[in-house]
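The structure under discussion appears below in the form of structure tokens.
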Amino acid sequence: QLVGQPNYLDTMKAYPELSVEEIGQTLSFKAGPLPRLGDKALALPLPYVVISQLCRVVRTEMPSDDMHTAYRGPRYSISEVYYWIRRWDSANFDQGILNLNGRKEELLPVLGDYSNDDNIVPYTGIWIPFDFEGLGKELKKGQEFPEEAEYDWNDGELDSKPAVWKLAKREDGGPVLLPNPF
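With our numbering, letter number 104 in the sequence shown gets 816, and the count goes up by one each step, no holes.
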């Protein structure tokens, strides 16, 4: 799926610093040396942005779990993981080539969930479950996200389960898609 996507060969030709090797049934990409850690305001190494673009076709829309990186439980919520794995995405690719002068911003849905450290609703409006088909709910700015959302599970019978919430409509008419917070 990754190798068969449109513009794959054009992308690989345009960026000779990238290499790919098949190991067993896995593709291994090399994108130059590891970057030094530093100021997050500085531009990311171009090969990393290109690899991220190539991998979008095989990336899952919603992470299935939190990142378990801390002692005694998850360190990051599912909504934070969603943003984290998209941190190198760019809307400035055209036919597999990054337009370095492009000014388009990659816009993502506004997400929130109960398990997040910052679990406060940022905008008043209609919020819907992002990780399953469920019922929308009006939430007010400043309140905590509900832990669960309702869904129709049996022809009109409602049930609920833990949810990641997505902003569907803002009361103030503002955008529901914003730049990645990472």
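Heads up, the beta-carbon is just placed ideally off N, CA and C, and yes, glycines get one too.
The structure displayed is predicted, hence computed values, not measured ones.
task: Along the alpha helix (DSSP H) that carries W865, what are the first and last residues, could you check?
output: As a first step, residue 865 must be located in the sequence shown, where it is residue number 153. Going by DSSP, W865 is part of no alpha helix (DSSP H) but of the beta strand (DSSP E) stretching over 860 to 866.
query: In angstroms, rounded to a whole number, what distance separates the CA positions of Q765 and P858?
result: One-based indexing of the sequence shown puts residue 765 at position 53. One-based indexing of the sequence shown puts residue 858 at position 146. Answer to the nearest angstrom: the Cα atoms are 34 Å apart.
query: DSSP on L754, reduced to helix/strand/coil?
result: Here the question's residue 754 lines up with position 42 in the sequence shown. In the structure shown, L754 adopts coil according to DSSP, grouped into three states.
message: In the DSSP output, which residue or residues are listed as bridge partners for E733?
response: Residue mapping note: residue 733 aligns to position 21 of the sequence shown, counting from 1. Note: E733 sits in a beta bridge opposite S740.
- request: Specify the secondary structure class of I964 as computed by DSSP and reduced to three states.
  value: Since the first residue shown for the chain is 713 and the last is 894, residue 964 is missing from the structure and cannot be characterised.
message: Using only CA atoms, which one of G854, L847, V769 lies nearest to E862?
response: Here the question's residue 862 lines up with position 150 in the sequence shown. Cα-wise, what sits closest to E862 is L847.
- request: Give a yes or no on contact between the stretch 885 to 894 and the stretch 813 to 826, applying the rule of three or more CB pairs nearer than 8 Å.
  value: Yes, the stretch 885 to 894 touches the stretch 813 to 826.
- prompt: For R882, does the three-state DSSP call read helix, strand or coil?
  reply: Start at 1 with the first residue of the sequence shown, and residue 882 comes out as number 170. Secondary structure at R882: strand, using DSSP grouped into helix, strand and coil.
Reference Y760; option with closest CA among S802, G868, V769, T772: As a first step, residue 760 must be located in the sequence shown, where it is residue number 48. The candidate whose alpha carbon is nearest that of Y760 is S802.
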